[in-house]
Amino acid sequence: MDRHLPDLASLRPPGGKRSSKRDRILNIFLRQEGHLSADDLCDLVRREDAGVGRATVYRTLQWMVEAGVARKVDFGEGRSRFEPSFGHPRHFHLICTTCHQSSEFLSSDVEALVEEIAAARSFAPAQTVVQIYGVCEGCRTGRTARTLDGGTTGLVFARDALRIAIATERSGLAFYTRAASLTRDPRGRTVFQKLAGEEREHLSTLEKRYAELAAADPELESRPTFLFFKGAASGLFAEGAEQLRKGVDDQQALLIGIKCERGSHKFFKRYGERFEDSEGKQIFLEFADEERAHLDLLIREYRALSERQGRGPRRPARDAAKKSAR
C-alpha cells in the first residue's frame, strides 16, 4: 500500500546530511503493512539493495523511532517490532499468546483515564502503551477471525469516526425537527427549522462520504471495530429530545439545544485533538467546528428572545456563552 511520505528534510537533525540509504530504508519501511522486526526490514531492504548493511538498517530504525516516524512495540516474542507512526492513528493492541497475531484498537476512554491518573499525580506522560494479552478467536475456536493491523487501520478509523458523526447528526435532526414543531415564537421556530435543515444537509454529506469510503474497500463493513467509546455524542441529543417531550417553553427549548450542542462540540473537539493526523481526526474536528457554529447561533437567539420578552438572559445561557468561547 502506498503511503504519503513525510518531508524527510524536516525530520533530519539540525546540520544532518541527506542519506540516500536512510531515505531508501524509510521508503521501504513505510510501504509495508503490519509490524516488522529489524531482521524483516533488513531482508526487504537487501532485496532491493544488497549493499545496505544490517547495521545501517538498525541505525535507521532507531532514527525513525526518535523522529516519530516509527513506533517500537513488544509482543512478548523476545524481539522488538516496528510499525509506521506517521499518518497512522495511535492505537493499542490485542495480542494472541498462541499465534502471536496482533489486532489494533483505540479507546479514547482509556486515554482519558490515563490522562486523569497522570494529572492527579502531576505526571507528564510521553507515551501510552496498552497491550492486552490472551487467546484470539481463531486459536480458541478454529474459525477465521478478522483482525486490524497495518494498512487497513486508518480506513477503519475513518469508518468508525463517520459512524459516530452520522449517528449524532441523525439524533440532532430529530431533536431540531421536534423543537421546531413545539416552538411558538416565530423567530425561534425559524432558527430550529434552519438548524434541522443544516443537520439534514450535513447528514447527506456524511452519508455520501461514508459510501465513498466503503467503495474504496469492499470488505470495510465486515472489518472489526477500531474506535471504542462508552457512549457517543448522539446520546446528548436523545436526552434533549426526551426533555422536549415533557413539555417546555421556548426559552427552555433553546437552553436544551445549547446544552446539547455544547456537549457535542466538546465531545468531538476533545477526542479529535487526541488523535494523530488521520482522516478520522479530520472528521472529528470538522464536526466540532459545525457544532460550535450551531452553539453560537442558539446562544444568540436565546439572548434575542430574552430581550424581546423584556428579560435578561438566564444564568445557564450566560455560562454557555462563556464556555463556548473557550
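Just so we're on the same page, my numbering is the position in the sequence shown counted from 1, plus 1199.
Glycine is no exception: its CB is placed at the ideal position from the N, C-alpha and C atoms.
Point to revise | the region 1370-1385 in contact with the region 1335-1352 per 3-pair CB rule at 8 Å | key: No: fewer than three Cβ pairs fall under 8 Å.
Review point. Helix or strand or just coil, what does DSSP make of Met1200?
Key: Residue placement at Met1200 is poorly supported in this model, since its pLDDT is 39, which falls under 50; the coordinates still yield a value, given next. Three-state DSSP puts Met1200 in coil, outside helix and strand.
Practice item. Would you kindly check if the distance between the Cβ of Ile1365 and the Cβ of Thr1409 is under 8 Å? Key: Here residue 1409 is Tyr; the residue named in the question, Thr, does not match the sequence. Yes, Cβ-Cβ distance for Tyr1409 and Ile1365 is below 8 Å.
Practice item. Counting only the same chain and skipping the five closest in sequence on each side, list residues whose C-beta sits under 6 Å from that of Ser1218. Key: Result list for Ser1218: empty, nothing under 6 Å.
Point to revise | Enclosing alpha helix (DSSP H) for Leu1269 [first to last residue] | key: Position check: residue 1269 holds Ala in this sequence, whereas Leu was assumed. It is not in any alpha helix (DSSP H) - Ala1269 instead sits in the beta strand (DSSP E) that spans 1269-1273.
Practice item. Please name the residue in His1290, Ala1319, Ala1325 whose C-alpha comes closest to that of Asp1308. Key: Among His1290, Ala1319, Ala1325, the Cα nearest to that of Asp1308 is on His1290.
Check your understanding: What number of angstroms, rounded off, separates the C-alpha of Gly1233 from the C-alpha of Ala1344?
Key -> Separation of Gly1233 and Ala1344 (C-alpha to C-alpha, rounded to the nearest whole angstrom) is 16 Å.
Check your understanding: Distance, Cα to Cα, Ala1452 vs Leu1312?
Key -> Cα to Cα, the separation comes out at about 33 Å.
Check your understanding: From this set, Thr1424, Ala1237, Gln1442, Gly1471, which residue's C-alpha is nearest Phe1304's C-alpha?
Key -> Minimum Cα distance to Phe1304 is reached at Thr1424.
Review point. Can you tell which of Ser1306, Leu1504, Cys1459, Leu1361 has the C-alpha that lies nearest to the C-alpha of Phe1427?
Key: When only C-alpha atoms are compared, the closest one is Ser1306.
Exercise for review: Determine contact between the region 1385-1398 and the region 1312-1327, defined as no fewer than three beta-carbon pairs at a distance below 8 Å.
Suggested key: No: the two stretches stay apart, fewer than three of their Cβ pairs being nearer than 8 Å.
**Study point:** Length of the line joining the Cα atoms of Ala1325 and Arg1270
**Key:** Going from the Cα of Ala1325 to the Cα of Arg1270 covers about 13 Å.
Check your understanding: Can you give the Cα-Cα distance for Ala1266 and Arg1258, rounded to whole angstroms?
Key -> Cα to Cα, Ala1266 sits roughly 12 Å from Arg1258.
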